[in-house]
Structures are given as structure tokens and as C-alpha cells.
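**Q**
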Amino acid sequence: MKKPIAWFAALLVLATSATAQALEVDRKVQPRVTVGGRVITTLDSDEEINLSDSTVALRLDKRLYEGGVAGAVLGIKEHDSAVDFNQMHVFFWNQDVGIKAGRTRLPNTMIEFPILRDDDMLSVTLVANASSDDEYDQIYGRVASLDWYTDRKNQTATIWAGTRRNGAAFAGAVDGIDSYGVGYRYSRPEPYQYLERIRQAGIMVDAQRDSQGGNPWMQSVIVGTEFNLNLDPRKNWSMGVQGIVGNGVTGVADLNTLSNRARAKSNAVVVGLRYTRRPLLLTRWQVGLTAGFKQYPDFSNANETHVAASYVYRMGSGLDLLAQVRNRQIGSGIVDPDFASENRVQIGLAMNLQATYNDHIGERNSILNLEHGYIE
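Those letters in the sequence shown? Residues -13 to 362, by my numbering.
#1: Should F285 and L241 be called a contact, given that it needs their Cβ atoms to be closer than 8 Å?
#2: Who pairs with V227 in a beta bridge, going by DSSP?
#3: DSSP three-state call for Q7: helix, strand or coil?
#4: Using the beta-carbon count (16 or more within 10 Å), is T111 buried or exposed?
#5: Does any C-beta atom of chain C lie closer than 8 Å to the C-beta of H65?
#6: For a quick check, are the C-beta atoms of V256 and G278 less than 8 Å apart?
#7: With DSSP as the reference, please indicate the residues paired to K63 in a beta bridge.
#8: Take L108 as the anchor and find which of E349, D137, L308 and E290 has the nearest alpha-carbon.
#9: Tell me whether S206 is buried or exposed, calling it buried when 16 or more other Cβ atoms sit within 10 Å of its Cβ.
#10: Report all residues from its chain with a CB closer than 8 Å to the CB of T144; omit the five preceding and five following residues, and keep chain order.
#11: Check L123 in the structure and name its three-state DSSP category.
#12: Exposed or buried, which one is V11 when buried takes at least 16 other CB atoms within 10 Å?
#13: CA-CA distance, G258 and G348?
#14: I'd like to check one pair, A187 with G210: are the Cβ atoms closer than 8 Å?
#15: Helix, strand or coil: which one does DSSP assign to E328?
#16: Between which two residues does the beta strand (DSSP E) carrying A295 extend?
#17: Which parts of the segment 169 to 205 are runs of the alpha helix (DSSP H), unbroken and 4 residues or longer, counting only runs that do not cross its ends?
#18: Give me the residue from G148, T142 and A193 with the minimum Cα distance to G75.
#19: Where does N355 sit, in a helix, a strand or coil, going by DSSP?
#20: Could you compute how far the alpha carbon of N253 sits from the alpha carbon of R49?
#21: If we call anything under 8 Å between Cβ atoms a contact, is L308 one with A336?
#22: Could you check the C-alpha separation between I85 and T342 for me, to the nearest Å?
#23: Quick one: grab the DSSP three-state call for T111.
#24: For R128, which of helix, strand or coil comes out of DSSP?
#25: Within the same chain, show all residues whose beta-carbon is closer than 7 Å to that of F325, passing over the 5 residues directly before and after it, in chain order.
#26: In the DSSP assignment, what residue or residues form a beta bridge with Y135?
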């Protein structure tokens, strides 16, 4: 009788020990770590070595107990020979919604055109900032946004509020939140963008508060679409078109600063044509032609015209040879030494890298897509 009792006691101790061990299992899920970045260097025709748009970003995210993914992004970017945080935000997303809060790109443009840097046609491709004369503040701001994926696939409704000014105090800036917006976008996921004519399309309304004009609010409407001219993923022709109409405010004296041009009534249109060569469905090279025009109807001879032809050759995974020729013509109604007519030739290299560790989630959006992309 003693042996069965001894066996029973041993099993009881083993079961108790296993139970205690199970209760002590670390319930924390290790985060996924994604590191990405781009170093873009061009030699410009004005004998300048241009490093702008070079950036490094770190994303930490993890899947939550009740579903969905939450995390944070930290990113730094070269700006005026210094390094600034251009990405510093937290986020949450699941199948139905996406939430973001912190410093990130302003949702003030619809289409990404085949130009080397996002500031090559800054004045015509996005809604300008009435609260700052800093070029950096035209692109980044403190934003809280809510995306609703209405069909859980391609359609997104967005509402956001934010502060456009990041830098030093500006006389015309208002305190606190100065911008609001709402929009709708249809967008095909990147792996399927060659299967239908429409890649993306949408409409957005951007509203800014103003402290100097005769009316405290001004609104801009952004409409854009990008579509395939053919459905061959190996030799693809595509085109993007975007228009921005801004009602401005009254009392703008001149167009000689970024903020004044942002506060003036304006109309802008940009058209981009892109040819991408992808033998064996591997992107090897791309040619782009982009043209933009903007006018300020309340001022005489106040318009600007931009044309850029770009070429990108993919030498290897993440390593690109770049070239671009750009022309900008400014009407006499705009007198600004930092915004003059010019011709510029750029030749350079870019390295784009992304590495992911402890991946247990699956990719929804590349960390590199947080910044301007010159090739598809």
C-alpha cells in the first residue's frame, strides 16, 4: 500500500509544481522592432552637396491582449545642417480603425509624385503653413488623427487636428491647435496596385486658423487621383493628378514669405507621369516627369511653374542611382530671395534600408512609407 501512496504523493507534488510554474510565466509579449532609414546624397549644379531628406526611424510595436497593435515611432531627419525629430508619435490600429498622436507628417497632400525630394515642389504639392516660414513646418506637425477603414480593405475616412508650428515663435501663429481636417481616400495595397486602373483617389478639406487676416479661418480642398495607363506590372505607365484650391484670408499685403503665400487665395495643380520597368516583377529603374502650376488670383503676375524630370536606377536592393533636372519659374508678383527662379541638376545616390526583429505581427505599412518615396 505504501508504493501507490508514494506514487500518488509524487504526482501531486509534480502537478502542484507545474501549476505554480505556469502561473509564474512572464505574460509580457516582446515588442517587434523595426529599424528603417534613408541616406540620400546628391551633387547639385550649384556646387552643393545636398543631404536633405536623409532620415532614420525606429518603430516599436506589439499585439495587444484584446486584439489590435499599438506602438510608437521615433525618427530623426537632417534639416538645415542639423538633426531634428520629424517622427515622434504613438499609434494603435486594428481591422477597423487607426489612431495616431504626436509629431508626424501633416495630412496636407494626397498624391506622391516622382520627384527626388518632397521639397522639390513643396509650394504646389501640399497645403502650405500659415503659422510658420520654416520649410520643415510645411511638412511636419503635431497631429492627432483617427482613420476609419470603412470596408477593412481599400477605403479610409479620416479626421484630424493638429499644430503645424514646430520651431521658434512666429508673430502670426495662433496658440494651441491651429489646424483641422477631414478626408476620404480609396487606396489599393501596394502588392495589388497594378491590377486595376485606379491606384488611389480621394478628397480632403484642410482648415487653418489665422490671427492676422480679416477672417479667422481659411480652408483648402485637395483632390487627387493616381491611375494605371496600362495593367502590365513589368512595364508600367501610371499618372497622378492633384489639385488644391485655397480660399485664403483677407488683408494679405504681399507674397514674399511662405506664410503670406499660405494665407493668400490660391489654385494649384500638379501632374506626374511615371514609367517603371520591373523585369521578373523586380523594380529596376524608373523615369518620371512632373509639372506643377500655382497662381494667386488676387495679385498681379503672381504665379509659379515647376517642371522636373527624374531617373532612378536600382543598382541593388535598397541602393539607387538618382538624377533629376528641375526648372522653376516665379512671376514678378512674388519677390523673395529664397524663392527665386532657377534651373537645377542633381546627381546622386540613395541607400534605403529596413530591418525587422521579433516579427510576430505581419507588415501593414513599411516604416519607409512615413517619408517621401521617389520610386515605386
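C-beta atoms are modelled at their ideal positions from N, C-alpha and C, and glycine is treated no differently.
Since this is a predicted model, take the numbers as computed values, not measurements.
**A** In short, the structure shows the following:
#1: Yes, they are a contact pair.
#2: Looking at the DSSP assignment, V227 forms a beta bridge with T211 and V257.
#3: Residue placement at Q7 is flagged as unreliable, the pLDDT there being 45, under the threshold of 50; the coordinate-derived value follows with that caveat. Helix, per DSSP.
#4: Residue burial annotation: T111 is buried, with at least 16 other C-beta atoms found within 10 angstroms of its C-beta.
#5: No chain C is present in this structure, which holds just one protein chain.
#6: Cβ atoms of V256 and G278: closer than 8 Å.
#7: The bridge partners DSSP lists for K63 are T41 and D70.
#8: Ranked by Cα distance from L108, the options E349, D137, L308 and E290 are led by E290.
#9: Taking all protein chains shown into account, S206 has 16 or more neighbouring C-beta atoms within 10 Å of its C-beta and is therefore buried.
#10: Contacts found: P93, S131, L132, D133, W134, G167, V168, G169, Y170, R171 and M190.
#11: First, the amino acid is wrong: residue 123 is Asp here, not Leu. D123 carries a helical assignment under DSSP once its states are collapsed to helix, strand and coil.
#12: Residue placement at V11 cannot be trusted, given a pLDDT of 46 that sits under 50; what the coordinates show is reported in the next sentence. That one is exposed.
#13: Inter-residue distance for G258 and G348 is about 32 Å (C-alpha atoms, whole angstroms).
#14: Yes; because the gap between Cβ atoms is below 8 Å, this pair is in contact.
#15: Annotated three-state conformation of E328 is strand, per DSSP.
#16: Segment N289 to G302, the beta strand (DSSP E) holding A295.
#17: The qualifying runs do not exist here; there are none.
#18: According to the sequence displayed, residue 75 carries His and not Gly. Ranked by Cα distance from H75, the first of G148, T142 and A193 is G148.
#19: DSSP places N355 within a helical segment (H, G or I) once states are collapsed to three.
#20: Computed Cα separation, rounded: 44 Å.
#21: The answer is yes: Cβ separation under 8 Å.
#22: Using only the alpha carbons, I get a separation of about 22 Å.
#23: DSSP places T111 in the helix class (H, G or I) of the three-state scheme.
#24: Looking at R128 - three-state DSSP - the assignment turns out to be strand.
#25: Counting only Cβ-Cβ distances below 7 Å, and skipping sequence neighbours, we find I316.
#26: According to DSSP, which records beta bridges pairwise, Y135 is partnered with T142.
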